Ligand SMILES: [Fe+2]
Ligand SMILES: [Fe+2]
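Residue numbers (my numbering): 3 to 186.
Quick look at the structure:
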């Protein structure tokens with residue numbers, strides 16, 4: 003398995019969900035109604051697929067090797083760039099969840115925070131993914147030797163096997179398709 007190629011592929015599905023998040027936000031503005039169940043599912047996608055399934059592989063298998071073996075430039079790129087952005091994404095999801103709760107309790111103005119956090123997350127992730135596809139992954143492929151790339155691939159393969167048993171990729175692919183036909 004080529005772990006980096008798989009991560010590039012996963013970016014495509016994540017970007018499709020980013021489009022859904024934006025469309026759902028626009029619908030909330032137009033209708034002044036918030037579909038709490040749909041937003042909860044989108045948060046679940048971000049946390050379980052984009053974060054645990056995808057960022058998990060990046061952080062535990064790829065970025066950790068880049069920091070250890072890629073020199074100071076890789077360390078800076080990962081620790082002061084990619085990891086910070088992963089954390090900022092988590093903050094946007096926590097704030098989105100809070101705003102949804104407030105809105106549900108009758109605070110109509112919280113729609114501003116729902117849209118702000120959902121759309122800010124999409125901006126953040128689009129830029130983050132483009133940086134990884136164009137800069138970070140190619141850097142890793144150049145900086146890490148063949149043996150390290152092989153061990154990253156092996157780790158990814160073992161993790162994917164566990165995730166496959168749980169049906170993670172299929173579940174979230176189906177979720178994206180469902181929301182695309184509803185919101186796009
Ligand atoms: Fe990332
Ligand atoms: Fe990524």
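Quick reminder that beta carbons are idealized off the backbone N, C-alpha and C, glycines included. All of these numbers come straight from a predicted model, not from anything done at the bench.
| message | Report the CB separation of residue 105 from residue 22 in whole angstroms; it is logged as a contact under 8 angstroms. | response | For the purposes of this step, residue 105 is taken as residue 103 along the chain shown, with counting starting at 1. For the purposes of this step, residue 22 is taken as residue 20 along the chain shown, with counting starting at 1. Cβ atoms of residue 105 and residue 22 stay farther apart than 8 angstroms, at about 19 angstroms.
| message | Could you compute how far the alpha carbon of residue 109 sits from the alpha carbon of residue 97? | response | For this step, residue 109 is matched to residue 107 along the chain shown. For this step, residue 97 is matched to residue 95 along the chain shown. Distance from the CA atom of residue 109 to the CA atom of residue 97, rounded to whole angstroms, is 15 angstroms.
| task | With DSSP as the reference, label residue 16 as helix, strand or coil. | result | Taking the chain shown and counting its residues from 1, the one referred to as residue 16 is at position 14. Looking at residue 16 - three-state DSSP - the assignment turns out to be helix.
| What residue does the alpha helix (DSSP H) around residue 77 start on, and which one ends it? | Counted from its first residue, the chain shown places residue 77 at position 75. That run of the alpha helix (DSSP H) goes 73 to 79.
| request: Consult DSSP for residue 169 and reduce its assignment to one of helix, strand or coil. | output: Here residue 169 refers to the residue found at position 167 when the chain shown is read from its first residue. Reduced to three states, the DSSP call for residue 169 is coil.
| Using DSSP with H/G/I as helix, E/B as strand and the rest coil, what is residue 5? | On the chain shown, residue 5 is found 3 positions in, with the first residue counted as 1. In this structure, residue 5 counts as helix in the three-state DSSP scheme.
| said: So if I measure from each beta-carbon to every heavy atom of ligand 2 and keep distances below 6 angstroms, which residues remain? | reply: Residues with a Cβ closer than 6 angstroms to any heavy atom of ligand 2, in chain order: 9, 13, 56, 60, 131 and 134.
| said: Does the beta-carbon of residue 84, which I'm using as the reference point, lie nearer than 7 angstroms to any heavy atom of ligand 1? | reply: Mapped onto the chain shown, residue 84 falls at position 82. The answer is yes for residue 84.
| task | For my contact list, residue 4 and residue 119 are in at a C-beta cut-off of 8 angstroms; report their separation, rounded to the angstrom. | result | Residue numbering aside, residue 4 sits at position 2 when the chain shown is read from its first letter. Residue numbering aside, residue 119 sits at position 117 when the chain shown is read from its first letter. Beta-carbon to beta-carbon, residue 4 and residue 119 are separated by about 34 angstroms, too far to satisfy the 8 angstroms threshold.
| said: Quick check: what's the CA-CA separation for residue 38 versus residue 70? | reply: Walking along the chain shown from the start, residue 38 turns up at place 36. Walking along the chain shown from the start, residue 70 turns up at place 68. Approximately 42 angstroms between the Cα atoms of the pair.
| message | Within 10 Å of its beta-carbon, does residue 59 have 16 or more other beta-carbons around it, so buried, or fewer, so exposed? | response | Walking along the chain shown from the start, residue 59 turns up at place 57. Label assigned to residue 59: buried.
| said: Looking only at its chain, what residues have a beta carbon closer than 8 angstroms to the beta carbon of residue 85, apart from the 5 residues adjacent to it on each side? | reply: In the chain shown, counting from the first residue as 1, residue 85 sits at position 83. Closer than 8 angstroms at the Cβ level, and outside the excluded window around residue 85, lie 61 and 65.
| Going by alpha carbons, who is nearest to residue 48 out of 124, 183 and 136? | Here residue 48 refers to the residue found at position 46 of the chain shown. Relative to the Cα of residue 48, the nearest Cα in the group 124, 183 and 136 belongs to 124.
| Nearest-angstrom Cα separation, counted from residue 32 out to residue 163 | As a first step, residue 163 is located in the chain shown; it is residue number 161 there, counting from the start. As a first step, residue 32 is located in the chain shown; it is residue number 30 there, counting from the start. Rounded to the nearest angstrom, the two C-alpha atoms are 42 angstroms apart.
| query | Are the Cβ atoms of residue 174 and residue 15 separated by less than 8 angstroms? | reply | Here residue 174 corresponds to residue number 172 of the chain shown, with the count starting at 1. Here residue 15 corresponds to residue number 13 of the chain shown, with the count starting at 1. Yes. Within cutoff.
| said: I need the DSSP call for residue 36, collapsed to helix, strand or coil. | reply: Taking the first residue of the chain shown as position 1, residue 36 is located at position 34. Residue 36 sits in coil when the DSSP states are folded into three classes, being neither helix nor strand.
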